[in-house]
Amino acid sequence: LMKMLLDGPRVLAIPHATHPWARHYMWEDLDFDLVRVGEIFSNKNADLLQRFEEGPEDRWSYQYVWKRGERVGVLGSSDSHLGQPGLDDVLPTMEHTGGLAVVFSDQNDRESIFASLKNRRTYATSGPRILLEFTAGGGGAGSLVVLKENISGLAGKGVRLEGHIASPLDLDRVEVVRFQEGEYEVLPLTDRAPESEQIFEFDVEDGDFCGKGFYYLRAFTVPGAQGAPEGVISSPVWIEPESREGS
């Protein structure tokens, strides 16, 4: 009992929705101590992978809840009741794309994986087993980075962005999305050192960041035979300046 009181309840509530139905206000009246991650990919949104980003004014979208100040990580799910990750139950006799959840965990056991989910140490793919690493200001996906004041007395001026993606499919584009001062912006990645069309690495400095906001990494593959790309999205990395006592 004492451990539960100290650590909080061992319960997570994961929103399961990938369509913005009319009057679908997914983020209202939720307990964000329990809602730590949410689903952005399933077999239901294979036609529009970026549906979850449909805008900061759409009360259904993730960009809306992130702009509102809530910290929610992302993962994928296949919508399958068959117990086979990545296989959906619409076409159970054939391989069919379903979302996958990926968790950064120190150990491959229930306690460690649950802790990583609670700490938003996750990313989502639309189905392919794409490997992704992303840090902003030294913090990994789902983390909160507190920037200390620099020599000029400014906190949070400039953030180093590092990433590595290894995909079984050819990559079409890789982008970092930044949010600051109420606006989302896609940052161009110019420092590219690919080993092939399936590997992308970058190490850049965003000198325009100042204050408070977040970053996330997204990548999309070259459309396949059916004409649809696949995708991978990291949980955001939130950035805040160090608070000064008395200020």
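Here the sequence shown stands for residues 3 to 249, numbered as in our numbering. Each residue gets a CB set at the ideal place from its N, CA and C atoms; glycine is no exception.
So, residue i versus residue j, is the Cβ gap smaller than 8 Å?
i	j	result
residue 211	residue 241	yes
residue 38	residue 116	no
residue 102	residue 236	no
residue 160	residue 127	no
residue 130	residue 173	no
residue 73	residue 123	no
residue 207	residue 162	yes
residue 125	residue 67	no
Please classify residue i: does DSSP put it in a helix, a strand, or coil?
i	result
residue 221	strand
residue 55	helix
residue 74	coil
residue 67	helix
residue 119	helix
residue 242	strand
residue 162	strand
residue 107	coil
Could you name the residues of the same chain whose beta carbon sits closer than 7 Å to that of residue i, not counting the 5 residues immediately before and after it, in chain order?
i	result
residue 36	13, 14 and 15
residue 141	147 and 239
residue 17	28, 37, 40 and 41
In chain order, what residues of the same chain have a beta carbon less than 8 Å from the beta carbon of residue i, not counting five sequence neighbours either side?
i	result
residue 33	15
residue 231	51, 174, 222, 223, 224 and 225
Kindly list the residues whose CB is nearer than 6 Å to the CB of residue i, restricted to its own chain and excluding five residues on each side of it in sequence; keep chain order.
i	result
residue 189	178 and 180
Take every Cβ of the region 174-181, pair it with every Cβ of the region 140-147, and state whether three or more of those distances are shorter than 8 Å.
-> no
Can you list the alpha helix (DSSP H) stretches of 4 or more residues lying completely in the region 165-212, in chain order?
-> none
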